[in-house]
Amino acid sequence: MGPLPLTSPSGDCLGIASTKTLIFPSKFWSAEDRAASQPFSLSPRPSTTRPRQETSSARTLGPDRAWAGLNSISTGTPRRNFSESLIEQSIEAATVLINKWNPETSTFAKVTSLFYESKSEAMQFIRCVNDLQKSMHALVTENSTSEKLVHAQNLMQIAMKRLQKEFYQILSMNRAHLDPESVSARSSRASARSSISDFDDGGSVSHDDEVRNVGDSIDEVEEVSSIAMTDLRSIAECMISSGYAKECISIYKIIRKSIIDESIYRLGVEKISSSQINKMDWEVLDRRIKDWLEAVKVSMTTLFNGERILCDHVFASSDSIRESCFTEISKEGATLLFGFPELVAKSKKSHPEKIFRVLDMYTAISTNWIEIDSIFSFESTVTVRAQALNSLNKLSDTVRSMLSEFESTMQKDSSKSKIQGGGGVHTLTLTTMNYLSLLADYSNILTDIFADWPPPPRSSLPESYFESPSTDDSPAPAISMRMAWLILVLLSKLDGKVEHHKDVCLSNIFLANNLNHVVSKVQTSNLKYLLGEDWIAKHEEKVKLFAANYERLAWGPVIATLPENPTATITPAQAKEIFRKFNSSFDETFRKQSSFFVSDPKLRDEVKVSLARKIVPSYREFYDAHRSNVVGERNVGLIVRFAAEDVGNYLSDLFFGNNNNSGSTSTSVSSANSSSHERHSWSRG
Numbered sequence: 001m002g003p004l005p006l007t008s009p010s011g012d013c014l015g016i017a018s019t020k021t022l023i024f025p026s027k028f029w030s031a032e033d034r035a036a037s038q039p040f041s042l043s044p045r046p047s048t049t050r051p052r053q054e055t056s057s058a059r060t061l062g063p064d065r066a067w068a069g070l071n072s073i074s075t076g077t078p079r080r081n082f083s084e085s086l087i088e089q090s091i092e093a094a095t096v097l098i099n100k101w102n103p104e105t106s107t108f109a110k111v112t113s114l115f116y117e118s119k120s121e122a123m124q125f126i127r128c129v130n131d132l133q134k135s136m137h138a139l140v141t142e143n144s145t146s147e148k149l150v151h152a153q154n155l156m157q158i159a160m161k162r163l164q165k166e167f168y169q170i171l172s173m174n175r176a177h178l179d180p181e182s183v184s185a186r187s188s189r190a191s192a193r194s195s196i197s198d199f200d201d202g203g204s205v206s207h208d209d210e211v212r213n214v215g216d217s218i219d220e221v222e223e224v225s226s227i228a229m230t231d232l233r234s235i236a237e238c239m240i241s242s243g244y245a246k247e248c249i250s251i252y253k254i255i256r257k258s259i260i261d262e263s264i265y266r267l268g269v270e271k272i273s274s275s276q277i278n279k280m281d282w283e284v285l286d287r288r289i290k291d292w293l294e295a296v297k298v299s300m301t302t303l304f305n306g307e308r309i310l311c312d313h314v315f316a317s318s319d320s321i322r323e324s325c326f327t328e329i330s331k332e333g334a335t336l337l338f339g340f341p342e343l344v345a346k347s348k349k350s351h352p353e354k355i356f357r358v359l360d361m362y363t364a365i366s367t368n369w370i371e372i373d374s375i376f377s378f379e380s381t382v383t384v385r386a387q388a389l390n391s392l393n394k395l396s397d398t399v400r401s402m403l404s405e406f407e408s409t410m411q412k413d414s415s416k417s418k419i420q421g422g423g424g425v426h427t428l429t430l431t432t433m434n435y436l437s438l439l440a441d442y443s444n445i446l447t448d449i450f451a452d453w454p455p456p457p458r459s460s461l462p463e464s465y466f467e468s469p470s471t472d473d474s475p476a477p478a479i480s481m482r483m484a485w486l487i488l489v490l491l492s493k494l495d496g497k498v499e500h501h502k503d504v505c506l507s508n509i510f511l512a513n514n515l516n517h518v519v520s521k522v523q524t525s526n527l528k529y530l531l532g533e534d535w536i537a538k539h540e541e542k543v544k545l546f547a548a549n550y551e552r553l554a555w556g557p558v559i560a561t562l563p564e565n566p567t568a569t570i571t572p573a574q575a576k577e578i579f580r581k582f583n584s585s586f587d588e589t590f591r592k593q594s595s596f597f598v599s600d601p602k603l604r605d606e607v608k609v610s611l612a613r614k615i616v617p618s619y620r621e622f623y624d625a626h627r628s629n630v631v632g633e634r635n636v637g638l639i640v641r642f643a644a645e646d647v648g649n650y651l652s653d654l655f656f657g658n659n660n661n662s663g664s665t666s667t668s669v670s671s672a673n674s675s676s677h678e679r680h681s682w683s684r685g
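Mapping of the sequence shown onto the UniProt record's numbering: position 267 corresponds to residue 267, and the numbering continues sequentially without gaps.
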């Protein structure tokens, strides 16, 4: 038979016992161990029969109480009889129960699980092993080569094989009930170490009662998980205290690591290289990123959290074993999980959606950082925390780099591209504002990423911008400055597109449309919180200014054809000439402006209402006062072409961007005389 490890009463390894010789180096004994191994004392008694009575009474005690009372008994020959009697009693009880469950000698024991067959007998088995260990400590101090010690050693080896088998069976047969989700649902890691009281050798609370109390507040599945966890803990503590920690730990690591690795794989996380990522189509990589985001959520709430709870509970008696087991089980899978974002961040794959996926991954790690730091708190899992932190840094670098590239792309946009679509919203405006409004949804994350980044050079921005959203007393966050700067780059590029455009009326409609779209996007997204109400109000005023400029430049000539006093007395010839000029100017302007487009319904109505208020009342007064002066003229229909209601109706048809409206074929008034008017840019206020 092979060597048997022995431990001191405190659980430390003391030596190796063989079937013939016991090697038991006393230098490993602590002061408490040596005190516990001293000959038991027994006070002198006047009668020689007294010790026999003590021995007899001792047999009526429970084994734990009897063992506890040995240290209070005085030395002497009767003491040897008493202690030997307890040792014999312990060994005899262990012999019967351990041999009953010896698979080498019993077919029943070979095919039956001790813990599933009888929970109470399983707990009795554990107590017998603990008592046997105490007996061996007592025997080694008296006679290290005694037959009793050799027999006890043999029994201990059989018991350890039995417990090793039970430990394996419980772990294997309860894979479903010991899955991380069931374990994490059962309890938090903080309470796991105290939720079920430590096994008491005195038997003050039975194992079944203990489990029943826990099971009262959880459902059936979680109760099964709780029972299995308690059984594993009882076996682990017994094997560790008996010097068989290595065998126990080995089984646990193999089975539990296979569960973690399999779960990680099923979550879609697998080992991959940078070159493989660079070769992937974006759709494939995007799918992998989405799988990873879900994997992080599951891993931190159930997988690694549940495994830490289970490990902390089963090996609650040893901090070093808890750390060793959890590290070996989870380190590889966790490092693989948190290493994926770094590979994505470093990849050369370019796509408009990439920055949002990068921000999603950054969010996933940062929002779970407290749990990451708590679950992987051991010194031996520092590499997991380091990998997660390194991925955060790489992701933030990538976001900053991609925003810089985005700005560069805007700057490179050709300023000479034509204004198309009747002055509607430019593609550059649409794509830029969609991009920035989506980025604003990550404002909290972006605040962290850009916290240590310098703002754009103040000299690059109009001084008026710095009045809002920041002041010298309370500077705006770096991300607010960054967003405002990107919008200003956009506006300056749009201003460049109208700089050389000949039709200043169309230019003002174009500027009003685009700035209005910018303001609208800011108001309806999280950009409003980054830029502030003052920024919005100031740019709304600029939209109104561009609209007013358009009205003045496009419709000023029409308004100018009407006299300042429409009801003043004039000759029929003068009335005829005013009607003729109004007809010509209104017809030409309307035909030209009918191709213009105002995309926002609210802005469109505001411009039309403003025009109607400037033109229709004056024309109505003139029409009512002087139409009778030209009624007798030939071709009066050509002289008075528009009734007041007709003018209002024509104006209501403007800004839908169609050329189907047509007026007179009379010579139009050239708009060239408006080209000398001042042009307005975005940066002017």
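Every residue, glycine too, gets a C-beta built ideally from N, C-alpha and C.
Report the rounded CA-to-CA distance for residue i versus residue j, giving the unit in angstroms.
i    : j    : result
E294 : K257 : 21 Å
Y529 : N514 : 21 Å
E117 : I158 : 19 Å
Y362 : A228 : 38 Å
R322 : G532 : 52 Å
F597 : F586 : 18 Å
P477 : L527 : 13 Å
E379 : F315 : 17 Å
K271 : N393 : 21 Å
T569 : I559 : 19 Å
K412 : V519 : 23 Å
F108 : R233 : 25 Å
W535 : N508 : 21 Å
E220 : L310 : 18 Å
Q593 : K608 : 12 Å
I87  : L155 : 14 Å
L486 : I251 : 59 Å
T302 : L267 : 12 Å
K148 : I91  : 8 Å
L139 : S241 : 18 Å
L132 : A152 : 7 Å
What first and last residue would you give for the alpha helix (DSSP H) that runs through residue i?
i           : result
A228        : 220 to 241
E353        : Counting along the chain, E353 falls outside any alpha helix (DSSP H), and DSSP gives it neither H nor E.
residue 752 : Given a span of 1 to 685 for the chain in the structure shown, any question on residue 752 remains unanswerable.
N549        : 533 to 560
E379        : That residue, E379, is in no alpha helix (DSSP H); it is neither H nor E in DSSP.
S480        : 478 to 498
Excluding five sequence neighbours on each side, which residues of the same chain lie with their C-beta closer than 8 Å to the C-beta of residue i?
i    : result
A644 : V616, Y619, R620, Y623, D624
K253 : C325, E328, I329
V543 : A512, L515, N516, V519, L603
Quick one: grab the DSSP three-state call for residue i.
i           : result
F340        : helix
F656        : strand
L439        : helix
F597        : strand
N444        : helix
S204        : Its pLDDT being 39, under 50, S204 is placed unreliably in this model, and the value from its coordinates should be taken loosely. In the structure shown, S204 sits in coil (DSSP, three-state: anything other than H, G, I, E or B).
V607        : helix
N102        : coil
S584        : helix
T567        : coil
A451        : coil
residue 696 : Because residue 696 is not part of the residues shown, which for the chain are 1 to 685, the question remains open.
S317        : coil
A176        : coil
Residues in the same chain with beta-carbon distance under 6 Å from residue i, minus the five sequence neighbours each way, listed in chain order, please.
i    : result
S217 : For S217, the predicted model reports a pLDDT of 46, less than 50, meaning its position is unreliable and no value from the coordinates is stated.
L481 : The residue asked about is misnamed: residue 481 is Met in this sequence, not Leu. Once the five neighbours on either side are set aside, the close Cβ partners of M481 are P455.
E247 : Q164
Y244 : M160
With a CB to CB cut of under 7 Å and the five nearest residues on each side skipped, what residues in its chain are close to residue i?
i           : result
G333        : I260, D261, I264
W101        : A109, L114, F125, R162
S443        : I479, N526, Y529, L530
L438        : F356
residue 686 : As displayed, the chain neither begins before 1 nor continues past 685, which places residue 686 out of reach and without an answer.
Handout entry: Runs of alpha helix (DSSP H) wholly within the stretch 105 to 165 (minimum 4 residues, chain order)
Key = 107 to 111, 114 to 117, 119 to 142
Practice task
Quick one: which unbroken alpha helix (DSSP H) runs of 4-plus residues sit fully inside the stretch 241 to 311? Chain order, please.
Solution key: 245 to 266, 274 to 279, 282 to 298
Problem - 3-residue-minimum beta strand (DSSP E) runs that sit fully inside the stretch 503 to 530, ordered along the chain - result: none
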